[in-house]
Amino acid sequence: MDARTSRYHDVYAHWQRNPEVFWGEAAAAIDWYERPKKIFDRHAGIYGRWFTGGSCNTCYNAVDRHVAAGRGQQAALIYDSPVTNTVQSFTYGRLLSEVQLLGAMLRDFGVTKGDRVILYMPMVPEAVFGMLACARLGAIHSVVFGGFAAKELATRIDDAKPKVILSASCGLEGARVIPYKPLLDEAISLAQHKPATCLILQRPQCQAYLMEGRDHDWRKVWENAVNYAKTCECVPVAATDPLYILYTSGTTGIPKGVVRDNGGHMVALKWSMQNLYGVSPGEVWWSGSDVGWVVGHSYIVYAPLFHGCTSILYEGKPVGTPDAGAFWRVCSQHGVVALFTAPTAFRAIRKEDPDAKLLKQYDLSKFRTLFLAGERADPPTIQWAEEHLKVPVLDHWWQTETGWCIAGNPVGLGQLPVRYGSACVPMPGYAIDIVDEANKVQPANKIGSIVVKLPLPPGNFPTLWQQDDRFKESYLAEFPGYYKTADAGYKDDDGYVYVMSRTDDIINVAGHRLSTGGMEEVLAGHQDVAECAVLGIKDELKGEVPCGFIVLKAGVNRPHAEIEAEIVALVRDKIGPVAAFKLAITVARLPKTRSGKILRGTIKKIADGDVWQMPATIDDPAILDEIKGAMKEHGVG
Ligand code: COA
Ligand code: AMP
4 MDARTSRYHD VYAHWQRNPE VFWGEAAAAI DWYERPKKIF DRHAGIYGRW FTGGSCNTCY
64 NAVDRHVAAG RGQQAALIYD SPVTNTVQSF TYGRLLSEVQ LLGAMLRDFG VTKGDRVILY
124 MPMVPEAVFG MLACARLGAI HSVVFGGFAA KELATRIDDA KPKVILSASC GLEGARVIPY
184 KPLLDEAISL AQHKPATCLI LQRPQCQAYL MEGRDHDWRK VWENAVNYAK TCECVPVAAT
244 DPLYILYTSG TTGIPKGVVR DNGGHMVALK WSMQNLYGVS PGEVWWSGSD VGWVVGHSYI
304 VYAPLFHGCT SILYEGKPVG TPDAGAFWRV CSQHGVVALF TAPTAFRAIR KEDPDAKLLK
364 QYDLSKFRTL FLAGERADPP TIQWAEEHLK VPVLDHWWQT ETGWCIAGNP VGLGQLPVRY
424 GSACVPMPGY AIDIVDEANK VQPANKIGSI VVKLPLPPGN FPTLWQQDDR FKESYLAEFP
484 GYYKTADAGY KDDDGYVYVM SRTDDIINVA GHRLSTGGME EVLAGHQDVA ECAVLGIKDE
544 LKGEVPCGFI VLKAGVNRPH AEIEAEIVAL VRDKIGPVAA FKLAITVARL PKTRSGKILR
604 GTIKKIADGD VWQMPATIDD PAILDEIKGA MKEHGVG
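The opening position of the sequence shown corresponds to residue 4 in the numbering used here, with each subsequent residue numbered one higher.
Listed below in structure tokens is the structure:
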């Protein structure tokens, strides 16, 4: 592991010298119906578009071409579900027939190129078939994570306006059965837009009620499609056509619809498998995420399949299904060579099995690399994993918007030395600067806003779904010439990137991205709340958890504990259990600056037990003592 023996610097310099040659070479690894007329067209789109004039199909590249090339008998997907006691392998050949059938089913429900299809699904193979079947038809999928509540789903239904929704009767959270259908029904009743069809996968753990006319039993429609030997061909789409919309938290309660295109997405993800992750076609790869998140889209479904790998679809948790050895069991049983997950999963494992005793029961001889992302990988977690797994443990940084890694350690090009706390170096395609508020580039080791020089590389979002202005305003306006990542950090003397915190109100709870602004909107909607602030406070397991401070309206004299419990239930009901909002604290007043801004940073420092100073601009210093007292009563700080 020596910086001089890695090919990284040469490859990055090759990209810098001529990005179009670089991405043109990478594009040769994709099968096109028509090759792109331009590798990059700077006059198209908002900041330019990749591979204009190219015609392709994402499902073809993920499935059909591997069957054509002789991989039909190789496992494409292994569904490993400790919560249902199932291990099921799908070869590329079988995957092809499943997506042909589901594509035909969707087509019979009227889905054609450009139509939207929402998936509100647990981690079952049908979710993957659904995404690929949409891609096959040129339809645009939008997967909504199962941990979101009906209202969040309704917002997405109204924005995406799907013709069809694919869902299931339930999800399984450890031993708990979570009925999905009541949430789906409520979401559709809340939404203005009404989908014509819902295809519901009835799982044995829970039978959902099906509404006559709108709802259809997935299995029955599938059997019918099998009986009539239905099939469908891949529909050619433009490289620049949308493949999917994935909603992510923005600074308000209205989520942002991140758009992914077909061509750039394939080129970037295919490139990443060998060069960044060092994985070869035919090898077994596991991304321990959920198809509802970007990591799940890119690295459970698309990238491993573009590359001809076997991808694991795991319906379980790192702990409790059945124990903290679950990850090692999966790696050993299926011969996983590389695992990609969030540090929080390893914190959970370490907490339950600090000496990694369970690890010793499994043969991990094939396992080569652990990749972490989704939140900052704290050095103790990395060191623990290194010590016990005895393989490189590599942090890398990326966002829903980028779709793949911004900075990482490219083992495929030759691993670079690990520096704890750093996500490592920029990938080809990303020119990263650290700037101050005036957009002035900062020297090494100085913290500032992390920005990426335009154009963004292939795979990154070209815009937000039907919101070009919001895209420009949110990401391009503040630092002209750059994409604003909304992360703050610095680069060291060797160009290693350190991502330290968000510059907006986004917090990261167990690797899940959430908006505190969105939660404040919910709290403010409670009848007794006059004022509120939600902030992320340190949590040993989840990294951060939200904590809400509420000031009650004058005259409210119900017990605080009662109101606080209502607030907790309200966030669960409006946003969902994924928010992990369990702590509401009633305070008499919120600390503010003289101009009326709530001093969130100071409250956070007190809650986290960090060193803090009395802000010079504070309106009334006594409020901080009141807040400290209230926190103590709730066991915080
Ligand atoms: N459907 C319905 N509910 C869900 C859900 C889903 N798909 N996923 C999570 N939830 C619920 C959980 O049951 C939990 O509910 P509860 O408050 O009733 O217990 C809540 O949402 C919070 O879930 P989570 O944050 O996952 O916490 P957890 O305590 O269940 O598990 C970890 C903690 C660390 C084990 C878990 O978060 C984990 O494995 N994280 C990995 C993160 C990850 O994959 N990130 C993706 C980016 S790489
Ligand atoms: P998401 O869009 O859900 O993938 O969340 C993206 C955000 O998660 C980033 O903007 C960062 O704030 C954070 N993040 C993801 N990966 C890392 C990492 N390796 N180090 C630090 N922060 C990270």
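Glycine included, every Cβ here is placed at the ideal spot set by N, Cα and C.
The model shown is predicted, which means the values in this text are computed figures rather than measured ones.
Check: residue i C-beta below 8 Å from any heavy atom of the ligand AMP
i	result
residue 159	no
residue 375	yes
residue 412	no
residue 103	no
residue 547	no
residue 569	no
residue 511	yes
residue 28	no
residue 3	No answer is possible for residue 3: it lies beyond the span of the chain, which begins at 4 and ends at 640.
residue 229	no
residue 468	no
residue 378	yes
residue 402	yes
Top-ranked residue by Cα proximity to residue i, from the options
i	options	result
residue 453	411, 419, 416, 502	502
residue 341	630, 400, 329, 307	307
residue 56	267, 302, 167	267
residue 48	472, 561, 275, 496	472
residue 27	36, 43, 14	43
residue 176	196, 323, 73	323
residue 60	415, 265, 192	265
residue 244	535, 468, 146, 622	468
residue 368	392, 404, 640	392
residue 302	290, 439, 520, 540	290
residue 165	171, 216, 146, 596	146
residue 32	521, 599, 271, 512	271
residue 481	518, 638, 443	443
residue 529	540, 515, 555, 520	555
residue 35	540, 62, 635, 446	62
Simplified DSSP assignment, three categories, for residue i
i	result
residue 179	strand
residue 606	helix
residue 272	helix
residue 296	coil
residue 184	helix
residue 525	helix
residue 11	helix
residue 407	coil
residue 636	helix
residue 349	helix
residue 561	coil
residue 539	strand
residue 362	helix
residue 243	coil
residue 384	helix
The ligand COA heavy atom lying under 8 Å from the CB of residue i
i	result
residue 399	no
residue 641	Coverage of the chain is limited to positions 4 through 640, which leaves residue 641 absent and any answer about it impossible.
residue 544	yes
residue 344	yes
residue 515	yes
residue 551	no
residue 189	no
residue 52	no
residue 579	yes
residue 179	yes
residue 298	yes
residue 111	no
The ligand MG heavy atom lying under 8 Å from the CB of residue i
i	result
residue 25	Ligands present in the displayed structure are limited to the ligand COA and the ligand AMP, and the ligand MG is not among them.
Could I get the ranges of all uninterrupted alpha helix (DSSP H) runs contained in the region 35-65, with 4 residues as the minimum, in chain order?
Those alpha helix (DSSP H) runs which fall completely within the region 35-65 and span 4+ residues do not exist here.
Does the region 232-249 touch the region 414-430, meaning 3 or more C-beta pairs lie closer than 8 Å?
Judged by Cβ distances under 8 Å, the region 414-430 makes no contact with the region 232-249, as fewer than three pairs qualify.
Enumerate, from N- to C-terminal direction, the unbroken alpha helix (DSSP H) stretches of 4 or more residues contained entirely within the region 55-138.
Runs of the alpha helix (DSSP H) spanning 4 or more residues and lying entirely within the region 55-138 occur at 95-111, in chain order.
At which residue ranges does the region 423-497 contain complete beta strand (DSSP E) runs of 3 or more residues, listed in the order of the chain?
As far as the region 423-497 is concerned, its whole beta strand (DSSP E) runs of at least 3 residues are 435-438, 451-456, 485-494.
3 or more residues per run - each beta strand (DSSP E) lying fully within the region 141-175:
You should have 143-146, 167-171.
If you scan the region 272-344 from start to end, which runs of the alpha helix (DSSP H) of 4 or more residues do you find wholly inside it?
Complete alpha helix (DSSP H) runs here, min 4: 306-309, 329-337.
Could you say if the region 64-83 and the region 314-328 meet the contact criterion of at least three C-beta pairs nearer than 8 Å?
Because the criterion of three Cβ pairs below 8 Å is met, the region 64-83 and the region 314-328 touch.
Across the region 547-565 and the region 357-375, are there enough close Cβ pairs to call them in contact, namely three or more that are closer than 8 Å?
In short, these stretches do not touch, since the Cβ pair count stays below three.
For the region 524-542 against the region 489-501, do three or more pairs of beta-carbon atoms, one drawn from each stretch, fall closer than 8 Å, so that the two count as touching?
They do not touch, by the three-pair rule.
Are three or more beta carbon pairs between the region 549-556 and the region 579-596 nearer than 8 Å?
Verdict: yes, contact present.
Take every Cβ of the region 267-286, pair it with every Cβ of the region 486-493, and state whether three or more of those distances are shorter than 8 Å.
Segments in contact, no.
Between the region 273-280 and the region 406-422, do three or more beta carbon pairs fall short of 8 Å?
In short, these stretches touch, since the Cβ pair count reaches three.
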